[in-house]
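So the sequence shown is residues 5 to 149, counted in this note's numbering.
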Amino acid sequence: GQTVEKSQYQAAIYRNLTTADLPAFEETLRGLFASIPYNNYVNNTISSYEGYYASVIYAYLASLGLDLTAEDVTSKGRIDLSLRLDNAIYLIEFKVDGGGKALEQIRQRNYQQKYQGQGKPIYLIGIDFDSAERNLTAFDWEQLG
């Protein structure tokens, strides 16, 4: 039934992250935002705020029982979302109508320095959202280490 489908879906997401299948993770996020009913956006400007998108993704990943921190503080600023797995670390930056600058911010501020030396690959992920489309417009990433 529905519980089995949910469990399989969550297992697939977890597998995507543990195997660093970031293209599959991107598609999952696109599907997630595409499934939010349009009437949730009527008569409000919620789609213009980075915090909205960050909160949706945070809640989604937290429901999987993952070790994550929103607004992870470093000496150079705050990582929007950090995710720590046994075999990898993901640092995620969000932008709304930002023209693909999310990954650039992670690089410029060297957010990865906080997690270097742990013997795990670090993935920097920049996700840009379009407030009119209410979905991802860019999902850029790179692997370090």
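Built from N, CA and C at the ideal position, the CB exists for glycine as well.
Specify, as a first and last residue, the run of the beta strand (DSSP E) that Q147 falls within.
Where Q147 is concerned, the enclosing beta strand (DSSP E) stretches over 139-148.
Contact set for E54: own chain, Cβ-Cβ below 6 Å, skip 5 residues either direction
F98, V100
Out of F37, Q12, N47, Y45, state which residue places its alpha-carbon closest to the alpha-carbon of Y62.
F37
Starting from A58 and walking both ways along the alpha helix (DSSP H), at which residues does that stretch end?
Segment 54-66, the alpha helix (DSSP H) holding A58.
D84 to I131, Cα distance in whole Å?
11 Å
Using the Cβ count rule (16 or more neighbours within 10 Å means buried), how would you classify A58?
buried
Does I50 pass the burial test, meaning 16 or more other C-beta atoms within 10 Å, or should it be called exposed?
exposed
Tell me, please, which residues DSSP counts as bridged to F133.
V100, L140
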